[in-house]
Amino acid sequence: MPETEAGESREDEEAEDGSGKIQRELSELKRRNEELLTRLKYAQADLENYRKRMDRELKDAGESLARVLVTRLLVVQDELDLAVKHAQEGTGGKELMEGISMVQRNLLSALQDAGVEKIEAVGRPFDPSIHEAVAKAQGGTHGQDVVVDEMRPGFKFRGQVLRPSMVKVELAAKGEEKVNE
346 MPETEAGESR EDEEAEDGSG KIQRELSELK RRNEELLTRL KYAQADLENY
396 RKRMDRELKD AGESLARVLV TRLLVVQDEL DLAVKHAQEG TGGKELMEGI
446 SMVQRNLLSA LQDAGVEKIE AVGRPFDPSI HEAVAKAQGG THGQDVVVDE
496 MRPGFKFRGQ VLRPSMVKVE LAAKGEEKVN E
């Protein structure tokens, strides 16, 4: 029977060695898991900080652009104040008109610098995506409908329509229809 006891003790030792190996591997996996979890938490914190910083920078950039536009518009406001003052005093009809024209040019310049562009309408084919027909006249030419007058200009902002042009459209003449006999 000693062999049995010796054989059993050898199996016990091998079992202990196997469980010890498993314990060491388990401990290593736990340590590695904790390390990865810590790295993940740092990465999440970095991402959140980056997102907050980008939000703040975008807000600051937007405010900066708005500040530039408002500064340009304040010049226009000053010029309008002067025009109103001259109109109330009844002085300088010609100068008043020149002043108002200058205000208009400065305002259009400020809008263009901000990305606003006027929609060209008169003489162009009617396009319902950028023109709003408020009046029409029958035309004598064949082809397509053409804008002949603009009641209110339209504008685009960076390629997108802010407001369509209000226009008068000359409708193209219809061709004579043949009747089958």
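Per my numbering, residue 346 is the first one in the sequence shown, and the count goes up by one each step. Glycine included, each C-beta is placed from N, C-alpha and C at the ideal position.
Closest in C-alpha terms to R450, from the list A482, Q422, L392, A390, comes Q422. Per DSSP, the continuous alpha helix (DSSP H) segment holding Q457 begins and ends at 438–458.
Taking 8 Å as the cut-off, the beta carbon of E477 is found closer than this to the beta carbon of S510. Scanning its chain for C-beta atoms nearer than 8 Å, with the 5 sequence neighbours on each side dropped, one finds around L452 the residues L418, V421, in chain order. Per DSSP, K513 is one residue of the beta strand (DSSP E) stretching across 510–516. Ranking D494, G460, R396, D458 by CA distance to the CA of F471 puts D494 first. Separation of the CB atoms of G488 and A517 is rounded to 5 Å, and the pair is thereby assigned contact status at 8 Å. Using a 10 angstroms sphere on the CB of G504, the tally of other CB atoms stays under 16, which defines it as exposed. When beta bridges are read from the DSSP output, D494 appears opposite K513. Comparing alpha-carbon positions, the option among G468, G499, F500 lying closest to V492 turns out to be G468. Beta-carbon to beta-carbon, K519 and K481 are separated by about 14 Å, too far to satisfy the 8 Å threshold. For Q483, the enclosing beta strand (DSSP E) begins and ends at 476–483.
The residue among V506, K404, D426 with its C-alpha nearest the C-alpha of S474 is V506.
In this structure, the alpha-carbon of Y387 lies about 11 Å from that of E380. In the three-state DSSP reduction, V506 falls in the strand class (E or B). The Cβ-Cβ distance between L427 and G438 does not fall below 8 Å.
In the three-state reduction of the DSSP assignment, E462 falls in the strand class. According to DSSP, residue pairing for P470 in a beta bridge involves V491.
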